[in-house]
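A.B. asks:
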Amino acid sequence: LQRLALNGQVVGEGGAGKPADFVPADTPFTLAGSWRPVPMLVFNINGINAAYDDVQVTTRALEKAEIARLSDIVHLPGVNASLAVPESRFAADHLRPRFHAMPPANWTNEPHGLVVSGGRYHLFYQRTPNGPFKTQMHWGHMSSADLVNWTHHRDALQPELQTRDFGFDQKGIWSGDVIVEGGKAFAYYTSVNHGPAYNPGISVAVSEDPGLRYWKKLGPVLDASNVQDFRDPYLWKENGVWHMIIGAALKSGGGLDHYRCTVRNGKSCWERVGDFSNVPYPKMDIGSAIWEMPVFEEISGHRILLVNPIGGAVTKYGDMATRGVYWLGNWENERFAPATTRPRNLDLVPGHLSPAVARQPDGTLAAIGIVDERRTPQAQEDAGWAHTFSLPREWYLVADGRALGQRPLRALAGLREGPPKVFASASYRGATLIADAGPQAEFKVRFTPGQRGVFGIVLAASPDGAEATRIVYDRANSRVVVDKSKSTLSAEMEGPAILQGTYDESIYGEPADWHVFVDGSVVDVFIGNGAAFSFRVYPTRRDATGLGIFAEGAVTAEGVEVWTMKPMKIDYSFDD
1 LQRLALNGQV VGEGGAGKPA DFVPADTPFT LAGSWRPVPM LVFNINGINA AYDDVQVTTR
61 ALEKAEIARL SDIVHLPGVN ASLAVPESRF AADHLRPRFH AMPPANWTNE PHGLVVSGGR
121 YHLFYQRTPN GPFKTQMHWG HMSSADLVNW THHRDALQPE LQTRDFGFDQ KGIWSGDVIV
181 EGGKAFAYYT SVNHGPAYNP GISVAVSEDP GLRYWKKLGP VLDASNVQDF RDPYLWKENG
241 VWHMIIGAAL KSGGGLDHYR CTVRNGKSCW ERVGDFSNVP YPKMDIGSAI WEMPVFEEIS
301 GHRILLVNPI GGAVTKYGDM ATRGVYWLGN WENERFAPAT TRPRNLDLVP GHLSPAVARQ
361 PDGTLAAIGI VDERRTPQAQ EDAGWAHTFS LPREWYLVAD GRALGQRPLR ALAGLREGPP
421 KVFASASYRG ATLIADAGPQ AEFKVRFTPG QRGVFGIVLA ASPDGAEATR IVYDRANSRV
481 VVDKSKSTLS AEMEGPAILQ GTYDESIYGE PADWHVFVDG SVVDVFIGNG AAFSFRVYPT
541 RRDATGLGIF AEGAVTAEGV EVWTMKPMKI DYSFDD
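Under the working numbering, the residues of the sequence shown are numbered 1 to 576, in order.
(1) Note down the Cα distance separating E558 from R446, rounded to an integer number of angstroms.
(2) Which of the three DSSP states, helix, strand or coil, is assigned to M284?
(3) Going by beta carbon distance, what residues of the same chain come within less than 6 angstroms of I471, once the five residues before and after it are set aside?
(4) Expressed to the nearest angstrom, what Euclidean distance is found between the alpha-carbon atoms of G118 and S143?
(5) For the segment 512 to 576, list the alpha helix (DSSP H) runs that are entirely contained and at least 4 residues long, ordered along the chain.
(6) Roughly how many angstroms separate the alpha carbons of S175 and K134, rounded to a whole number?
(7) Can you give me the C-alpha to C-alpha distance between L31 and G47, rounded to a whole angstrom?
(8) Let me confirm a value: M40 is counted as buried when at least 16 other C-beta atoms fall within 10 Å, else exposed. Which label applies?
(9) Tell me where the alpha helix (DSSP H) around Q378 begins and ends.
(10) What is the rounded straight-line gap between the Cα of I498 and the Cα of P350?
(11) Any idea if H194 is buried or exposed, counting beta-carbon neighbours within 10 angstroms, 16 or more meaning buried?
(12) Straight-line CA distance for T469 to S485?
(13) To the nearest angstrom, report how far apart K217 and V204 are at their CA atoms.
(14) In the DSSP assignment, find the beta strand (DSSP E) that holds I202 and state where it starts and stops.
(15) Can you tell me whether DSSP reads N477 as helix, strand or coil?
(16) If we ignore side chains and look at the alpha-carbon of each, how far apart do P220 and F168 end up?
(17) Do you know whose CA, among E63, R542, D382, Y121, lies nearest Q360's CA?
(18) Excluding sequence positions up to five away, which residues of its chain have a Cβ less than 7 angstroms from the Cβ of L256?
(19) Can you check DSSP and say which residues form a bridge with E13?
(20) Looking only at C-alpha atoms, which of F423, P132, N333, V116 sits nearest to R375?
(21) Using three-state DSSP, classify S191 as helix, strand or coil.
(22) Kindly indicate which residue of Y538, G182, I434, W150 has the alpha-carbon position closest to the one of P567.
(23) Figure out for me which residue from I368, C269, M565, K421 has the closest Cα to the Cα of G414.
(24) Would you mind working out which of N239, G140, P511 sits nearest G450, comparing C-alpha positions?
(25) Please determine if the segment 329 to 347 and the segment 300 to 312 are in contact, where contact requires at least 3 C-beta pairs separated by less than 8 angstroms.
(26) Evaluate A65 with the Cβ neighbour count: other Cβ atoms within 10 Å of its Cβ, from every protein chain shown; 16 or more gives buried, anything less gives exposed.
(27) Return the first residue and the last residue of the alpha helix (DSSP H) that I507 is part of.
(28) Where does R452 fall in DSSP's three states?
(29) Give every residue of the same chain whose Cβ lies closer than 6 angstroms to the Cβ of A554, excluding the five residues on either side of it in the sequence, and list them in chain order.
(30) Mind checking which residues open and close the beta strand (DSSP E) that includes Y125?
(31) Can you tell which of I368, G254, P419, V307 has the C-alpha that lies nearest to the C-alpha of A313?
(32) What residue from Y214, A551, W563, S34 has the CA that sits closest to G453's CA?
(33) Looking only at DSSP bridge pairs, what is C261 linked to?
(34) Taking a contact to mean a Cβ-Cβ separation below 7 angstroms, would you say I173 touches W139 in this structure?
(35) Would you mind stating whether H352 and G369 have Cβ atoms separated by less than 7 angstroms?
(36) Can S478 and V537 be called in contact, C-beta distance under 7 angstroms?
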């Protein structure tokens, strides 16, 4: 007789007959494995996360009452905590960020659904709990009182096997948005399944918990029948009407699908509007196959539409690299009227994309994006984690409302470890190291206005210069250049060694003030009045923590301030 139990309940039994002698097999006894591994690149994606407190092999099938007693033991409080990866797992990893938000381990991607509930900011994000690879997507969940220090919660949403003709989210809970209405929170997400209906679809879950820990799935509400493909809903309320835009693949390339919903007699309905912009999408697109992760918000009396085009002519490492782009404009007769046809790049150089946004108490927009990996899959597998979120940024308008400016969230100053090291005005030639900034640092450099030629900073530098990264401004060509050609001695870095982008002084002013954060392998840079970008570096040497000034000729730095940064405070709340 065999019995199969799930969570203490017998779900199947069979084989009743004459008892047979128990004969151990002459092969290894394996748990949480499959008879056939499923590889993806260097990863095996069909393992199981688990903690085994007890393993027993008996010579008989257990009775149902015995199985129930074992289940009571398994469900004692603290089981979720026992499955968590402790911070000590990565204590020796000098490349892992310490004051950037990220999951405890494994793989993450876009943050989304940044919303305020119960007096806290809640950030949801793409998460694979089984390893540093993308499969069987969950919604991870963390919350914060200040967007700087975070509490990890159990996953909010997981893929589930359905019992009907199809499962609307069997293949993953992908990106979306969270809104609060009538004392409830609603999570709209991209659901992917194995069946023909609602594949992909936009599905909804509801939570009446102010802590947004517990959710009930309501099922799919829209499908992609009106477009080639779609994903990543974004919602906002306008004059009592909810609007939803969804990143879409159209016959012409990337675009949006637009819906509106008016609550009538306690029931809601989604009606397709169609075109969201009064400019045709082909004139706005940059040659992509689909737009992802749209954001549409009011900012200083204007509207900003941000999308992340991928596919087509847009590639991760190509001349037209994957990155966020945006338009400023107005909202007229329920359509977006962009001020310009072609978008602006969110960042000066590629490396950061897909920000989620939320209002702060003073009404300003805060944004957190992802700074993705630029090292090989094997390096990610060896590390046990992949990707990190950007530092929280504040958005504002510059150049008389013609462009978006970004600056680091002011609350980040609370992570400074005491007063700064201060370096007085000095003239520099070549590459000159001036301080050991440490693996977690913040520094400000003010160059004397009017500098000519090529000048900038050196960071993540070893004392002998064997590893170093340069960020310079080429004033003659109005270019910011990130030179990673000597940033690592490892062969595991991927992508171009030179990143560059145009710096428009008519928008951001003279690039005299540089504000930089270095946190293990992630670097966030803010130059002038609102120019920003983030990227990754992977120095192998633990002493590659030097900071310096660089100039092809001579340059004067009026002052340099360097702070050592504390790790952010991380709490673990597994909501048993």
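Ideal placement from N, C-alpha and C gives every residue a C-beta, glycine not left out.
Quantities reported herein were computed from a predicted structural model and do not represent experimental measurements.
C.D. replies: In brief:
(1) Numbered from its first residue, the sequence shown carries residue 558 at position 558. Numbered from its first residue, the sequence shown carries residue 446 at position 446. Annotation: E558 to R446 spans about 6 angstroms, alpha carbon to alpha carbon.
(2) As a first step, residue 284 must be located in the sequence shown, where it is residue number 284. In this structure, M284 counts as helix in the three-state DSSP scheme.
(3) Within the sequence shown, residue 471 is the residue found at index 471, counting from 1. Closer than 6 angstroms at the Cβ level, and outside the excluded window around I471, lie G456, I457, V482.
(4) Your numbering for residue 118 matches position 118 in the sequence shown. Your numbering for residue 143 matches position 143 in the sequence shown. For G118 and S143, the distance between alpha carbons rounds to 10 angstroms.
(5) Listed in chain order, there is nothing to give.
(6) Taking the sequence shown and counting its residues from 1, the one referred to as residue 175 is at position 175. Taking the sequence shown and counting its residues from 1, the one referred to as residue 134 is at position 134. Near 13 angstroms, if we compare the C-alpha coordinates of K134 and S175.
(7) Working through the sequence shown from its first residue, we reach residue 31 at position 31. Working through the sequence shown from its first residue, we reach residue 47 at position 47. One Cα belongs to L31, the other to G47, and the distance between them is close to 10 angstroms.
(8) By one-based count along the sequence shown, residue 40 stands at place 40. By the 10 Å Cβ count, M40 comes out exposed.
(9) Locating residue 378 in the sequence shown gives position 378, counting from the first residue. Start and end: 377 to 383.
(10) By 1-based counting over the sequence shown, the position of residue 498 is 498. By 1-based counting over the sequence shown, the position of residue 350 is 350. Between the C-alpha atoms of I498 and P350 there is a straight-line separation of about 11 angstroms.
(11) Mapped onto the sequence shown, residue 194 falls at position 194. Burial call: exposed.
(12) Here residue 469 is taken as the residue at index 469 of the sequence shown, counted from 1. Here residue 485 is taken as the residue at index 485 of the sequence shown, counted from 1. Roughly 8 angstroms separates the two Cα atoms.
(13) On the sequence shown, residue 217 is found 217 positions in, with the first residue counted as 1. On the sequence shown, residue 204 is found 204 positions in, with the first residue counted as 1. Their backbone Cα atoms lie some 6 angstroms apart in a straight line.
(14) Translated into positions along the sequence shown, residue 202 becomes position 202. Note, I202: beta strand (DSSP E), 201 to 207.
(15) By one-based count along the sequence shown, residue 477 stands at place 477. DSSP places N477 in helix when its eight states are reduced to three.
(16) Residue numbering aside, residue 220 sits at position 220 when the sequence shown is read from its first letter. Residue numbering aside, residue 168 sits at position 168 when the sequence shown is read from its first letter. When rounded, the distance between both Cα atoms is 7 angstroms.
(17) Residue numbering aside, residue 360 sits at position 360 when the sequence shown is read from its first letter. The alpha carbon of Q360 has as its nearest neighbour, out of E63, R542, D382, Y121, the alpha carbon of Y121.
(18) Stepping through the sequence shown from its first residue, residue 256 is reached at position 256. Taking C-beta separations shorter than 7 angstroms and ignoring five residues to either side along the sequence, the partners of L256 in its chain run I245, I246, G247, A248, F276, W291, P294, following chain order.
(19) Translated into positions along the sequence shown, residue 13 becomes position 13. Paired residues: R3.
(20) For the purposes of this step, residue 375 is taken as the residue at position 375 of the sequence shown. Nearest C-alpha to R375: P132.
(21) On the sequence shown, residue 191 is found 191 positions in, with the first residue counted as 1. S191 falls in the strand class under three-state DSSP.
(22) For this step, residue 567 is matched to residue 567 along the sequence shown. Of the candidates Y538, G182, I434, W150, the one whose C-alpha sits nearest the C-alpha of P567 is W150.
(23) Against the sequence shown, residue 414 aligns to sequence position 414. For G414, the nearest C-alpha among the options comes from M565.
(24) As a position in the sequence shown, residue 450 is number 450, starting the count at 1. Closest by alpha carbon: P511.
(25) By the Cβ criterion, the segment 329 to 347 is in contact with the segment 300 to 312, since at least three pairs of Cβ atoms, one from each stretch, lie closer than 8 angstroms.
(26) Mapped onto the sequence shown, residue 65 falls at position 65. With fewer than 16 other Cβ atoms within 10 Å, it is exposed.
(27) Reading the sequence shown from its first residue, position 507 is the one you call residue 507. Unbroken alpha helix (DSSP H) run through I507: 505 to 508.
(28) Taking the sequence shown and counting its residues from 1, the one referred to as residue 452 is at position 452. Correct three-state label for R452: coil.
(29) Within the sequence shown, numbered from 1, the residue matching residue 554 stands at position 554. Excluding residues within five positions, the ones whose Cβ falls inside 6 angstroms are S427, R429.
(30) As a working note, residue 125 is residue 125 in the sequence shown. Here the beta strand (DSSP E) through Y125 covers 120 to 128.
(31) Locating residue 313 in the sequence shown gives position 313, counting from the first residue. When only C-alpha atoms are compared, the closest one is G254.
(32) Here residue 453 refers to the residue found at position 453 when the sequence shown is read from its first residue. The shortest Cα separation from G453 among Y214, A551, W563, S34 belongs to A551.
(33) On the sequence shown, position 261 is the one that residue 261 refers to. Secondary-structure assignment with DSSP links C261 through a beta bridge to W242, W270.
(34) For the purposes of this step, residue 173 is identified with residue 173 of the sequence shown, where counting begins at 1. For the purposes of this step, residue 139 is identified with residue 139 of the sequence shown, where counting begins at 1. Contact flag set, yes.
(35) Numbered from 1 along the sequence shown, position 352 holds the residue referred to as residue 352. Numbered from 1 along the sequence shown, position 369 holds the residue referred to as residue 369. Their beta carbons are under 7 angstroms apart, which means H352 touches G369 by this criterion.
(36) Locating residue 478 in the sequence shown gives position 478, counting from the first residue. Locating residue 537 in the sequence shown gives position 537, counting from the first residue. The answer is no: Cβ separation not under 7 angstroms.
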